[in-house]
Ligand SMILES: NC(=O)c1ccc[n+]([C@@H]2O[C@H](COP(=O)([O-])OP(=O)(O)OC[C@H]3O[C@@H](n4cnc5c(N)ncnc54)[C@H](OP(=O)(O)O)[C@@H]3O)[C@@H](O)[C@H]2O)c1
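Residue numbers (UniProt numbering): 1 to 419.
Structure below.
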């Protein structure tokens, strides 16, 4: 008998309210359209980035990526109140009418959280072999990143890794897209040759494109234990050329929840608490002059840390560059907090548009080769104290999401699920 699919559904106003909903009426699945793939999520990760699907839904159009299925029972079938978020990971092709990708292949990309397969119509494009693109009209308003899927070149190997709960696959799943986000930050936004840098905010030219020169800069990293920050700090140390714009000091500014882990990674020259009473005095004690390059990068620090630190530093350090990469977990929309941060000179980062621009400038194949090389190196080094942990089943996924809502997940843990 076929499994009864289960999906996570969130309250679109109170993101901490979630339900695991069974969909017996979804079966049998309808016939698959031409040139399409039916994909079932099999491996996914939950992180601050997953929760950002809800908190930043207005920017990311999150609820529209994988809408509520028509078989959703009441009361969850009300799309004005309920919706689904998405996660990065591997899906397996359950059915295919697209000649380039066969049944049982695996794709990496943006997936729904649940075991109900989803259908996309796809095409290949000149560029990188094995990359396919969703062409459904209903998805064309999304950022380009969400419509790109990468076919795994060795499905048997991946199947074995999933079956054996390979630690390397868990680490890769926890980090892959976060590593790439860090890659565009390090190589393109904070380019070692600043004259070639790509604006942090992508196509949104209303934001300042300056203050991304890291020459002799002090870089203050909020949520320094986040996966994207860890990868970024690693790249600042390992992937910048001698003679380029290199920072003087990389400082992890962590909450009390994550400070011990952050210190133990050895990636930061200094680690301080977000609750530090006087950030200006701290910088003075390091001899940071007012006209020096100072960069504050918020990867989603708890307790409004970004606004707190920017408010303290901005009046004293006029050259402060303030980048907004992440948002902390909140039960309701973060729109007001984002507005306040922008008022302090915060520039929102747009990974998808930076990736598009980097591809345009360097060539698609070259771009992905460089990302893959960097990921391989990064994975060989690992992060001291970090553990990517396998869990199984949708109930476990729900617990993982809840752990972020209750601030009870350690930064040293990457949550990876087989569903
Ligand atoms: N704009 C873009 O295009 C883009 C691209 C990639 C990633 N991002 C964003 O970057 C951020 C980091 O993503 P990630 O997947 O790397 O995150 P992650 O590993 O799950 O981040 C963990 C860190 O987030 C902070 N945090 C804030 N609220 C938390 C909570 N309730 N529970 C646990 N930790 C919390 C903690 O730092 P403290 O303990 O120091 O507070 C913690 O160390 C996300 O907001 C993501 O959306 C944005």
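Glycine included, each C-beta is placed from N, C-alpha and C at the ideal position. A quick note: this is a predicted structure, and the numbers were derived from the prediction, not measured.
In the three-state reduction of the DSSP assignment, residue 179 falls in the helix class, which pools H, G and I. Residue pairing for residue 86: DSSP places it in a beta bridge opposite 112. A direct Cα-Cα distance of roughly 8 Å separates residue 196 from residue 188.
Rounded to the nearest whole angstrom, the CA to CA distance from residue 416 to residue 170 is 6 Å. Nearest to residue 115 by C-alpha distance, out of 177, 94, 102, is 94. Each of 361, 104, 304 was checked against the Cα of residue 328, and the nearest Cα belongs to 304. From the listed residues 47, 296, 267, the smallest Cα separation to residue 89 is found for 47. Rounded to whole angstroms, residue 147 and residue 87 show a C-alpha spacing of 13 Å. Looking only at 364, 372, 370, 292, the smallest Cα-Cα distance to residue 125 is reached by 364. The Cβ-Cβ distance between residue 239 and residue 374 falls below 8 Å. For the 8 Å CB-CB criterion, residue 418 and residue 4 do not form a contact. DSSP places residue 270 inside the beta strand (DSSP E), whose first and last residues are 270-273. Taking one beta carbon from each stretch, the region 306-326 and the region 209-220 have 3 or more pairs nearer than 8 Å; the two touch.
By the C-beta criterion, the region 13-24 is judged not to be in contact with the region 288-302, since fewer than 3 inter-stretch pairs fall below 8 Å. When rounded, the separation of the alpha-carbon atoms in residue 68 and residue 158 is 30 Å.
With a threshold of 7 Å, the Cβ atom of residue 225 counts as near ligand 1, since some heavy atom of the ligand is closer than that. Residue 249 is positioned such that its CB atom lies closer than 8 Å to that of residue 269. A heavy atom of ligand 1 is found nearer than 7 Å to the CB of residue 47.
A heavy atom of ligand 1 is found nearer than 7 Å to the CB of residue 327. Counting only runs that start and end inside the region 272-300, the beta strand (DSSP E) elements of at least 3 residues fall at 294-299. When secondary structure is reduced to three states using DSSP, residue 106 falls in the strand class.
A Cβ-Cβ distance of about 5 Å is found for the pair residue 384 and residue 265, placing them in contact under the 8 Å criterion. The closest CA to that of residue 144, considering only 6, 350, 332, 244, is found on 350. Annotated three-state conformation of residue 196 is helix, per DSSP. When C-alpha distances from residue 122 are compared across 149, 112, 348, the shortest belongs to 149. Between residue 324 and residue 347, the C-beta spacing is below 8 Å. Exclusion of the five residues before and after residue 225 leaves 252, 254, 258, 261, 262, 265, 411, 412 as the residues of its chain whose Cβ lies within less than 8 Å of its Cβ. Excluding five sequence positions before and after residue 397, the CB atoms of its chain that fall closer than 6 Å to its own CB belong to 417, given in chain order. One thing to note: residue 65 has its Cβ within 8 Å of the Cβ of residue 142.
The region 124-189 contains, as complete alpha helix (DSSP H) runs of 4+ residues, the segments 155-163, 167-184 (chain order).
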